[in-house]
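Below is one structure, written out as structure tokens; comments come after it.
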Amino acid sequence: MNILSFPILRLLTDGKFHSGEDIAAHFKTSRATVWNAIQNAEALGVEVFSVRGRGYKLPQPITLLDETTILNAIGEQRSWFKLEVHDHLESTNSYLMKKASAGEAHATCVAANLQTKGRGRRGRQWQAGLGASLTFSLLWRFQCGASALSGLSLAVGVALIRTLHEFGIKQAQLKWPNDVLIGGEKLAGILIELQGDMEGPSAAVIGIGINLNLPSKIKQQIDQPATDLNRVAAAINPNALLGVLLKHLAEVLNNFEQAGFAQVRDEWLKYHAYHQKPVRMLHPDGRETSGTAIDVAEDGILLVKTSLGEQRFSSGEISLRGDL
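If you want the working numbering, it's the position in the sequence shown, counting the first as 1, plus 238.
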């Protein structure tokens, strides 16, 4: 990104018009340099309105991430975390996976105001524009091996539900294995990547994206119905949201190390949107298995009653869809 692009975007976060002349004076540069910096931001997907005679503005006011505010929102557990807030990263998960390989500290959280090449499950891209989503990754190291981390994404989902409930969003539900829904539409997603030995120790990079205020252009690029917090709640400060979520993640992950997914299984089932409902399980090769989601095992395996009897599905490359 152009060295001036994000400082200019930061100036525009009030959602008001700023003339090119005023911006140039503020940064002690030329109007041509300002124009080039804004062009660079637009090339990364940031929408900037440009009106002759009025200047530049963002479509709406945006609250950027702030390290101090996030740490204060975590509360007593703030000392557990190492926090990095970046203006722009291609992918917080890719960035943190590299740092994890190089020995980065346990409980390191990396968040980005703008993520341009975010990744979801099965090679999908996570769509996230400036102010559109809260995107971050958390490195959590375990003494157990990667083989003992089955069900981790489901446990992380419970931390997300607890956080949303704390902000008054009681209608949030879970979808196996790693989505949060509201009214059947996707609000948030989880991507977990593992490092280490099967017998231990191991490390998980937990990537989370929460839709804050999705522009229609981004919604059109998503392969399933999506919603955002702006549609279901009064304005929520993303710094407070991240801080409270990290607090709940620490509690869930510490307990997971001791007892696995089993300790939150009942809570997860309570909020599963498709519990005891018809579902279609989509296989990587295009096959579909229809049935009724009847339970989830203590290792996170989904149990589905089908015409051939009870079948077990691990998260892997399988996707669930409601059979409405």
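Heads up, the beta-carbon is just placed ideally off N, CA and C, and yes, glycines get one too.
None of these values were measured; they are calculated from a predicted model.
Q: Let me know the secondary structure DSSP gives Asn451 once reduced to three states.
A: Note: Asn451 maps to coil in three-state DSSP.
Q: Answer with buried or exposed for Trp318, where buried requires no fewer than 16 other C-beta atoms within 10 angstroms of its C-beta.
A: Its Cβ having fewer than 16 others within 10 Å, Trp318 is exposed.
Q) The beta strand (DSSP E) with Asp325 in it runs from where to where? A) Where Asp325 is concerned, the enclosing beta strand (DSSP E) starts and stops at Lys320 to Leu327.
Q) Where does Leu562 fall in DSSP's three states? A) Confidence in Leu562 is poor, its pLDDT being 48 and thus under 50, which makes the residue's placement too unreliable to answer from.
Q.
Excluding the 5 residues flanking Glu328 on each side, which residues of the same chain have their C-beta closer than 6 Å to its C-beta?
A. Around Glu328: Thr354 and Lys355.
Q) Nearest to Leu491 by CA position, among Ala386, Ala511 and Asn240, is which residue? A) Of Ala386, Ala511 and Asn240, the residue nearest in Cα terms is Ala386.
(Q) Using a 10 Å radius around the Cβ and a threshold of 16 neighbouring Cβ atoms, would you call Ser454 buried or exposed? (A) With a threshold of 16 other beta carbon atoms within 10 Å, Ser454 falls short and is exposed.
Q.
Would Ile532 and Arg550 be called neighbours here (beta carbons separated by less than 7 Å)?
A. No. Outside cutoff.
Q) What is the DSSP secondary structure of His264, counted as helix, strand or coil? A) His264: helix per DSSP, three-state reduction.
Q: Pull up the CB-CB distance for Asn615 and Leu450, whole angstroms please, since I reckon it's below 8 Å.
A: Absent from the model: residue 615. The displayed extent of the chain is 239 to 562, so no value can be given.
(Q) Please classify Gln411 as buried or exposed, where buried requires at least 16 neighbouring CB atoms within 10 angstroms. (A) Residue environment: Gln411 is assigned as buried (16 or more neighbouring CB atoms within 10 Å of its CB, all protein chains considered).
Q: Locate the alpha helix (DSSP H) running through Trp273, then write down its first and last residues.
A: Residues Arg269 to Ala281.
(Q) Under 8 Å, with one C-beta from each stretch per pair, do the region 319-326 and the region 287-301 reach the 3-pair mark? (A) In the pairwise beta carbon analysis, the region 319-326 is classified as not touching the region 287-301: fewer than three pairs are separated by under 8 Å.
Q: In the DSSP assignment, find the beta strand (DSSP E) that holds Pro245 and state where it starts and stops.
A: Boundaries around Pro245 are those of the alpha helix (DSSP H), Ser243 to Leu250, since no beta strand (DSSP E) includes it.
Q | Buried or exposed by the 16-neighbour rule on C-beta atoms within 10 Å, applied to Ser528 | A | That one is exposed.
Q: Would you verify that the beta carbon of Ala397 is, or is not, closer than 7 Å to some beta carbon of chain D?
A: Protein chain content of the structure displayed is limited to a single chain, and chain D is not contained in it.
Q) Can you tell which of Glu536, Thr306, Val443 and Glu437 has its C-alpha closest to the C-alpha of Gly341? A) Closest option to Gly341, Cα to Cα, is Val443.
Q) Just curious, the beta strand (DSSP E) that Arg379 is in, first and last residue? A) Ser371 to Phe380 is the extent of the beta strand (DSSP E) around Arg379.
Q | Rounded separation between Asp523 and Leu541 - CA only | A | Each residue's Cα considered, the two are about 20 Å apart.
Q: Identify, in the order they occur along the chain, each residue of the same chain with its Cβ nearer than 7 Å to the Cβ of Leu507, setting aside the five sequence neighbours on each side.
A: Here Leu507 has His513 and Val534 as same chain residues with Cβ atoms under 7 Å from its own Cβ, once five neighbours each way along the sequence are excluded.
Q | Sub-7 Å separation of Glu495 and Phe380 beta-carbons | A | If you check the CB distance, Glu495 and Phe380 come in under 7 Å.
**Q.** Alpha-carbon to alpha-carbon, Ala370 and Ser268
**A.** Answer to the nearest angstrom: the Cα atoms are 30 Å apart.
Q. Helix, strand or coil: how does DSSP classify Tyr509 here?
A. In this structure, Tyr509 counts as coil in the three-state DSSP scheme.
Q | Close Cβ partners of Glu536 (< 8 Å) along its chain, the five nearest in sequence each way excluded | A | Within the same chain, Glu536 has close Cβ partners Gly389, Gly498, Phe499, Ala500 and Arg503.
Q | Check whether Gly445 and Ser375 have beta carbons under 7 Å apart | A | Going by C-beta atoms, Gly445 is nearer than 7 Å to Ser375.
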